[in-house]
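Visitor: The number in this note's numbering is simply the position in the sequence shown, starting from 1, with 174 added.
Idealized CB from N, CA, C, for every residue including glycine.
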Amino acid sequence: MPETLEELYLRQPHLSDGKWVVTYTGTYYSITNPLAEDVHLMDIAHALSQVNRWTGHTTVPFSVAQHSVVCSYLVPQAFALRALLHDAQEHILADVNRPAKSELPQYSALEARHEAVIAQAAGIIGPCMTPEVKAADNLALALEYRDLFSIAAKKGPWVPDGDVSGIPPLVALGHAEAKLQFLRRYFELTGDYVLPLERRVATDAFRAGFEFAMRDFGQTITEEAKVCN
């Protein structure tokens, strides 16, 4: 028999207020009481690859996943992982544009709470949005405006700050490509396909991430794979 909601709430009391979402990996993720052990890299990559930047007002869809990868190349190497994960909370909370966010103080507090939980799962000390990452975020914004806005949108008086003259044009990736690019970039930076906390607790989502890595890159099962069994 499938588990009932009542049984789920008894097993995971932090979900009992009913304010949760079901993620790609099947995790019940609390909006109000997020737990680091519920954060999974596969969920982040999958969801962010389908969340559009600019509230969807670019000429073609441009994902938060691709934006995050771009940002990770615009910072010193020491900040690249923070840059890659600086918008990871949007895999649960979605992308709210800056003007709207300024009118939603409760959302901003919620966003900060989820960012802290994700940083904990990723083994990052302190916030992801450092001054270096913020500067990269703003530069990526200027890049996206240059390459992905319509002629009509560019007729107005507003132009984002940032010298992007020497940076090659952005080419928007589809969902599958953006998801793969995000996961590959994480691997480049960490040598892994799961978050540190995922590896320690060895959840179903951990197994999904490890199996994805083996399928995509043809890796053989090693002693480390026994953690998944």
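Taking its Cβ as the centre, do 16 or more other Cβ atoms sit within 10 Å of Q355, making it buried, or is it exposed?
Guide: buried
Visitor: Is it right to say R256 is buried, meaning 16 or more other beta carbons lie within 10 angstroms of its own, or is it exposed?
Guide: buried
Visitor: Assuming S223 is part of the beta strand (DSSP E), what are its boundary residues?
Guide: First-last for S223: undefined, no H or E at that position.
Visitor: Under 6 angstroms Cβ to Cβ from P301, same chain only, skipping five residues before and after it: list those, please.
Guide: Excluding residues within five positions, none has a Cβ falling inside 6 angstroms.
Visitor: Could you tell me which residues DSSP pairs with W194 in its beta bridges?
Guide: S204
Visitor: Look at the alpha carbon of L189 and the alpha carbon of N312, and state the distance between them as a whole number of angstroms.
Guide: 36 angstroms
Visitor: Three-state secondary structure (DSSP) at S246?
Guide: helix
Visitor: Helix, strand or coil: which one does DSSP assign to S324?
Guide: coil
Visitor: Among the candidates R320, P273, L259 and E277, whose CA atom is the shortest distance from the CA of M303?
Guide: L259
Visitor: Could you tell me the alpha carbon to alpha carbon distance between P273 and W228, rounded to whole angstroms?
Guide: Their Cα atoms are separated by approximately 11 angstroms.
Visitor: List the whole-angstrom C-beta distance separating E318 from L278, where the pair is believed to meet the contact cut-off of C-beta under 8 angstroms.
Guide: Not really, about 22 angstroms apart at Cβ, beyond 8 angstroms.
Visitor: Nearest-angstrom Cα distance between A252 and Y203?
Guide: 30 angstroms
Visitor: Roughly how many angstroms lie between the CA atoms of V307 and E177, to the nearest whole one?
Guide: The alpha-carbon atoms of V307 and E177 are separated by roughly 42 angstroms.
Visitor: Tell me, please, whether the stretch 219-237 touches the stretch 315-330 by the rule of three or more beta-carbon pairs shorter than 8 angstroms.
Guide: yes
Visitor: What is the C-beta distance between A352 and Q240, in whole angstroms, given that I count them as a contact (C-beta under 8 angstroms)?
Guide: With a Cβ gap of about 5 angstroms, A352 and Q240 count as contacting.
Visitor: Just confirm the distance between the C-beta atoms of V195 and I292, as a whole number of angstroms; I'd bet it's less than 8 angstroms.
Guide: Incorrect: roughly 15 angstroms between the Cβ atoms, too far for contact.
Visitor: Closest by CA to S237, which one among Y247, A316, V225 and C245?
Guide: Comparing Cα positions, the closest option is V225.
Visitor: Report all residues from its chain with a CB closer than 8 angstroms to the CB of Q186; omit the five preceding and five following residues, and keep chain order.
Guide: Taken in chain order, the residues that qualify are Y202.
Visitor: Excluding sequence positions up to five away, which residues of its chain have a Cβ less than 7 angstroms from the Cβ of Y183?
Guide: L189 and S190
Visitor: In this structure, how does DSSP classify S237 when only helix, strand and coil are distinguished?
Guide: strand
Visitor: Is it right to say L179 is buried, meaning 16 or more other beta carbons lie within 10 angstroms of its own, or is it exposed?
Guide: exposed
Visitor: My assumption, with CB atoms under 8 angstroms, is that A314 sits in contact with L248. Please give the rounded CB distance.
Guide: 6 angstroms
Visitor: Once the 5 residues before and after A310 are set aside, which same chain residues still bring their CB inside 7 angstroms of it?
Guide: C245, L248, V249 and A257
Visitor: Apart from the five residues just before and just after N207, which ones in its own chain have a Cβ nearer than 6 angstroms to its Cβ?
Guide: H188
Visitor: Output the distance between the C-alpha atoms of A262 and P334, rounded to the nearest integer angstrom.
Guide: 23 angstroms
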